[in-house]
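This report refers to the structure that appears directly beneath it.
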Amino acid sequence: GVLMPLPCFLQILLSVLELLLGLYLTRPSRLLAMVGSVTHDLEKGCNAWIEKNSRGISAEVFATFGQVQKRAERFFPTYRLRMGQLRSFLLTGAKAEKASGVFGKAGSMFLGPASP
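One rule links them: number in this note's numbering = place in the sequence shown (from 1) + 320.
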């Protein structure tokens, strides 16, 4: 019988092992599991980075909204009061000066055109 030289046999054996290992590692379920694992790790890393960097930002945004709300709570009641006072002043002036005075023109915004 013809004996195969050892280096040639060893090379064939390594090629077969490489082929079997390649087939095992490239099975669709195995590939999907590896891709899923890499994706999951990447997602966890991104989420941790976003959470760490967004904590301060969200706190600042909510603090700013709180400041805006406090200012609005002070501003709008005062604004409504002053507008009511202005309207009363203009209406009173328009009634008193129906002819062509300053109050007659300004008061016409609320009462309509002043009658001569």
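Using N, Cα and C, we set each Cβ at its ideal position, and we do this for glycine too.
Since the model is a prediction, treat every value here as computed from it, not as a measurement.
Quick one: is LEU337 buried, meaning 16 or more other Cβ sit within 10 Å of its Cβ, or exposed? Exposed: under 16 other Cβ atoms inside 10 Å.
What do you get for ALA414, buried or exposed, if any count of 16 or more other CB atoms within 10 angstroms of its CB means buried? buried
N- and C-terminal bounds of the alpha helix (DSSP H) containing GLU371: 348-416
Helix, strand or coil for PRO325, going by three-state DSSP, please let me know. coil
Cβ-based burial, LEU352 [other Cβ within 10 Å; buried from 16]: exposed
Output the distance between the C-alpha atoms of PRO436 and PHE396, rounded to the nearest integer angstrom. Only weak support exists for where PRO436 lies, its pLDDT of 48 falling under 50; the coordinates are left without a value.
On the criterion of 16 or more Cβ atoms from any shown chain inside 10 Å, does LEU410 qualify as buried, or is it exposed? buried
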